[in-house]
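Sequential numbering from 260 applies to the sequence shown in the numbering used here.
Glycine included, each C-beta is placed from N, C-alpha and C at the ideal position.
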Amino acid sequence: MTALSSTQDDSETLLQKQLAALRVCGWLAMILYAILSMAIAWRTCLHFLYSSGGAKKVFHVALLGAALLQLPEAVEWIWYPTAQGWEAMYVFRLYSLLLLSFCKSYLAICWAGVVSAGQRLERRRMTKVVGALNALLILWGALVPILLSGYSDDVYGQYKFMNSALRRVLTYSGVIVVLTYGLLLGYQGFRLRRRLLLARGTVPAASVEKSLNQLMLAIFIFIFADVVRLLALVLNEADTAMSMIVYLVLYNIIPHIFPTICMLYLMRRLTGRGSSDVGVGHKKAFGSKRTLSKYMTDPDSDGSSRGSTGSDSAGRTYVLPDGHAAARARLELQAQQYQDNHQDQFHSSRDQQQPPSPTFCWIRESTELR
């Protein structure tokens, strides 16, 4: 009797520790995702208020949905830690990952639009590739709940699922999704980096350097988040001993919250009616403090590729939108004066007085949402 009583006490103590760990994880996830959701909701309201492009609105709604879908599991951990249902939470986690992947694909299209400005076919090709990947992702998301319906929504069904081949297939599929969208976004990011490096000499150096720093930081965050998620998954599959809090941070918080904040920052620019920049608390920053980062997150419209092309005195080609005859004439006059004078000092002083350089105008036009 004494041994049996001692065993029961040990089991009860272990259960209480596990429940306490669940509540800690729940409160941590609840606080972080609630704050993140409010920030996304605020930015989403601003984009609707100032009539930003439809794609950008959908992007923010998807980003908000990805954050909100993390809250039900936190609620369960805090107030219903002994609940036996598991299918709904599994689907919520899956759809949160899908929405986050959709947002990454949109950012990849935006970056591809900047890189391929003036090249409509290349941008359409990239859009078709992303569209095909997203279609497969939607199909995958629709099939998972159907496949899970074959298991009972209780502890026994969860145990059966965790030891099934379906669970391994879904896990490996998730790894493929994370790697595919991570590589896609990283590839377009490094292409954009190369484009920014080529802009040196035609755009103020400080603007290029700041944009490069922002871009490389964003790429690092995306790569780091995916690596951490995959590392946590490998450790879990290898039955490595770790606390639940550590697993939550590695598998959920870092891979989800950091990329979300990064994308929210990159999409901070508001485009009002007529594709003009508007902002709340940002208008004073426009003007002398513009950087290329303000223009490297929106895809160019099809109409932006129909502009005329030209070149400056150094032979660099650029795209001028139709209807900007005054800007074209001013640039031609600037090139003619440069050829007549051949004075670097005069050229540098004129750069300070003139509007943005041809490359700057090209990037601005190519990234304007219509």
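Tell me, please, which residues DSSP counts as bridged to residue 459.
According to DSSP, residue 459 bridges with 462.
What runs of the beta strand (DSSP E), each 3 residues or longer, lie entirely inside the stretch 359-419?
DSSP runs (the beta strand (DSSP E)) wholly in the stretch 359-419: none.
CB-CB under 7 Å to residue 574, same chain, minus the five flanking residues each way: which ones, in chain order?
For residue 574, the pLDDT reaches just 39, beneath the cut-off of 50, and the residue's location in the model is therefore unreliable, although a value from the coordinates is still provided. The answer is none, since no qualifying residue turns up.
Determine contact between the stretch 467-474 and the stretch 394-414, defined as no fewer than three beta-carbon pairs at a distance below 8 Å.
Cβ pair count under 8 Å is below three, so no.
Expressed to the nearest angstrom, what Euclidean distance is found between the alpha-carbon atoms of residue 376 and residue 382?
Rounded to whole angstroms, residue 376 to residue 382 spans 8 Å at the Cα level.
Are there three or more Cβ pairs, one per stretch, closer than 8 Å when the stretch 450-463 is compared with the stretch 496-511?
At 8 Å Cβ cutoff, the stretches do not touch.
When the Cα of residue 520 is compared with those of 484, 491, 342, which residue comes out closest?
Checked all of 484, 491, 342; the closest Cα to residue 520 is 484.
In chain order, what residues of the same chain lie with their CB nearer than 7 Å to the CB of residue 416, ignoring the 5 residues before and after it?
Within the same chain, residue 416 has close Cβ partners 410.
Let's see if you can read the secondary structure: which residues bound the alpha helix (DSSP H) around residue 333?
From DSSP, the alpha helix (DSSP H) with residue 333 extends over 330-338.
By how many angstroms is the C-alpha of residue 274 removed from the C-alpha of residue 364?
The straight-line gap from Cα to Cα measures roughly 42 Å.
Report the rounded CA-to-CA distance for residue 461 versus residue 468, giving the unit in angstroms.
So the two alpha carbons sit approximately 13 Å from each other.
On the three-pair Cβ rule with 8 Å, is the stretch 310-321 touching the stretch 381-398?
Verdict: no, contact absent.
Is it true that the CB of residue 325 sits closer than 8 Å to the CB of residue 355?
Result yes, Cβ atoms of residue 355 and residue 325 sit closer than 8 Å.
Taking residue 488 as the reference, which of 345, 464, 516, 466 has the closest Cα?
Closest by alpha carbon: 516.
Terminal residues of the continuous alpha helix (DSSP H) containing residue 325?
Looking at the DSSP string, the run of the alpha helix (DSSP H) that includes residue 325 is 313-327.
Going by CA-CA distance only, name the one from 388, 512, 493 that's closest to residue 431.
Ranking 388, 512, 493 by Cα distance to residue 431 puts 493 first.
So the candidates are 463, 291, 371, 395; which of them puts its Cα closest to the Cα of residue 357?
Ranking the options by Cα distance to residue 357, first place goes to 395.
How would you call residue 522, buried or exposed, if buried means at least 16 neighbouring beta carbons within 10 angstroms?
Residue 522 comes out buried.
Straight-line CA distance for residue 422 to residue 514?
Looking at the two C-alpha atoms, the distance is approximately 26 Å.
If I follow the unbroken alpha helix (DSSP H) through residue 509, where does it start and stop?
No alpha helix (DSSP H) holds residue 509; DSSP gives it neither H nor E.
Taking the straight line between their C-alpha atoms, what separation do you get for residue 444 and residue 308?
Distance between the alpha carbons of residue 444 and residue 308: 29 Å.
So is residue 288 buried or exposed if we call it buried at 16+ other beta carbons inside 10 Å?
Residue 288 comes out buried.
Here's the rule: buried if 16 or more other CB atoms are within 10 angstroms of the residue's CB, otherwise exposed. What is residue 313?
Residue 313 is exposed by the Cβ-count criterion.
Please name the residue in 390, 426, 481, 350 whose C-alpha comes closest to that of residue 661.
No information on residue 661 is available, as it lies outside the stretch 260 to 629 that the chain covers here.
With distance defined between alpha-carbon atoms, name the residue in 439, 297, 428 nearest to residue 389.
Looking at the Cα atoms, 439 is the closest of the given residues.
Out of 296, 284, 306, 418, point me to the one whose CA is closest to residue 334's CA.
Among 296, 284, 306, 418, the Cα nearest to that of residue 334 is on 284.
Just to confirm my understanding: we take residue 697, look at its own chain, exclude 5 residues before and 5 after, and list those with CB closer than 6 Å. What are they?
No information on residue 697 is available, as it lies outside the stretch 260 to 629 that the chain covers here.
If you draw a straight line from the alpha carbon of residue 281 to that of residue 507, how long is it in whole angstroms?
If I take the Cα positions, the gap works out to 10 Å.
Compute the beta-carbon to beta-carbon distance between residue 370 and residue 448, rounded to the nearest angstrom, for a pair I have assumed lies under 8 Å.
The pair is a contact, with the Cβ atoms about 6 Å apart (cut-off 8 Å).
Short of 8 Å in beta carbon distance, which residues of its chain neighbour residue 295, apart from the five on each side in sequence? Order them along the chain.
Same-chain partners within the cutoff: 326, 516, 519, 520.
Taking residue 286 as the reference, which of 434, 524, 332, 341 has the closest Cα?
Comparing Cα positions, the closest option is 332.
Just to confirm before moving on: does the CB-CB distance between residue 351 and residue 328 stay below 8 Å?
Yes, the Cβ-Cβ distance between residue 351 and residue 328 is below 8 Å.
When you compare the CB positions of residue 291 and residue 374, do they come within less than 8 Å of one another, or not?
Their beta carbons are not under 8 Å apart, which means residue 291 does not touch residue 374 by this criterion.
Quick one: give me the first and last residue of the alpha helix (DSSP H) that residue 524 is part of.
That run of the alpha helix (DSSP H) goes 513-525.
Decide if residue 278 is buried, meaning its Cβ has at least 16 other Cβ atoms within 10 Å, or exposed.
It counts as exposed.
Tell me which residues share the same chain as residue 387 and place their Cβ nearer than 7 Å to its Cβ, disregarding the 5 neighbours each side in the sequence.
So no residue of the chain qualifies.
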